[in-house]
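Residue numbers (full-length UniProt numbering): 1 to 205.
Okay, here's the thing in structure tokens:
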């Protein structure tokens, strides 16, 4: 059971407040690197073992024009085993890398639990597919991911809303089904690398 004022980001719908409390049996850490807030920031290290299921880095905008006309051809090898992130810029090799209009949305995440069976990043066009992490609950937080190459900090800025293309690429009704479950848009705060596989997760905020 989630206590009042606590947030279980491994379970959709369990976040009730803006702050995230410390997990049972673990000491809380204080402070956010590079920021003196004058108060106690509460961190929670996720007790389960979340996973990065899939990664996408594509230089191609596939969804242009009308969904009825179908998407543009995919770039070869857009599904990758690891991605390199640059602070304030995004994912190296991705279509939104370094674009000023997308500085606050250059990296996107979505939870596998939000997708119908068989759907993946090639259809929803997000960058990072997670399992065991309710990313839609994290807007306003800093998400720290470590897949073994060191921590990568992402500021979760806003929801990533689905579009009508979902009905064309996943199937009829997908657009409506993904509303409020379409993932999140982030800014990388640090350079780093993320790989497919188990990931250690800390939420700050």
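Every residue, glycine too, gets a C-beta built ideally from N, C-alpha and C. All values reported here derive from a predicted model rather than from experimental measurement.
Practice item. Use the C-beta contact count for residue 36: other C-beta atoms within 10 angstroms, 16 or more gives buried, fewer gives exposed. Key: Because residue 36 sits at a pLDDT of 43, beneath the cut-off of 50, its placement in the model cannot be relied upon, and the following sentence gives the value as read from the coordinates. Its Cβ having fewer than 16 others within 10 Å, residue 36 is exposed.
**Study point:** Separation of residue 115 from residue 92, as counted between CA atoms
**Key:** The alpha-carbon atoms of residue 92 and residue 115 are separated by roughly 26 Å.
Check your understanding: Does the beta-carbon distance from residue 118 to residue 103 come in below 8 Å?
Key -> It is not a contact, given that the beta carbons lie outside the stated cut-off.
Exercise for review: Measure from the alpha carbon of residue 202 to the alpha carbon of each residue in 100, 101, 76, 156, then state which is nearest.
Suggested key: The shortest Cα separation from residue 202 among 100, 101, 76, 156 belongs to 156.
**Study point:** Top-ranked residue by Cα proximity to residue 185, from 178, 199, 131, 158
**Key:** Nearest C-alpha to residue 185: 158.
Review point. Pick from 153, 127, 178: whose alpha carbon is nearest that of residue 81?
Key: Checking every option, the nearest Cα to that of residue 81 belongs to 127.
Review point. Among residues of its own chain, excluding the 5 on either side of residue 149, which ones have a beta-carbon nearer than 6 Å to its beta-carbon?
Key: Taken in chain order, the residues that qualify are 193.
**Study point:** Endpoints, the beta strand (DSSP E) within which residue 203 is located
**Key:** Counting along the chain, the unbroken beta strand (DSSP E) around residue 203 starts and ends at 200 to 204.
Exercise for review: Pick out the complete beta strand (DSSP E) segments inside the stretch 132 to 162, 3 residues or longer, and give them in chain order.
Suggested key: Considered as a whole, the stretch 132 to 162 harbours 142 to 146, 152 to 159 as its complete beta strand (DSSP E) runs of no fewer than 3 residues, in chain order.
Review point. Do you know whose CA, among 54, 162, 141, 124, lies nearest residue 205's CA?
Key: The shortest C-alpha separation from residue 205 is found at 141.
Review point. Is the Cβ-Cβ distance between residue 53 and residue 196 less than 8 Å?
Key: Yes. Within cutoff.
Review point. Using the beta-carbon count (16 or more within 10 Å), is residue 59 buried or exposed?
Key: Here residue 59 is exposed, its C-beta having fewer than 16 other C-beta atoms within 10 Å.
**Study point:** Terminal residues of the beta strand (DSSP E) in which residue 184 lies
**Key:** Element bounds for residue 184: 184 to 188.
**Study point:** Euclidean distance between Cα positions of residue 113 and residue 100
**Key:** Taking the straight line joining both Cα atoms gives about 31 Å.
Exercise for review: Whole angstroms is fine: what's the gap from residue 132's alpha carbon to residue 105's?
Suggested key: Computed Cα separation, rounded: 22 Å.
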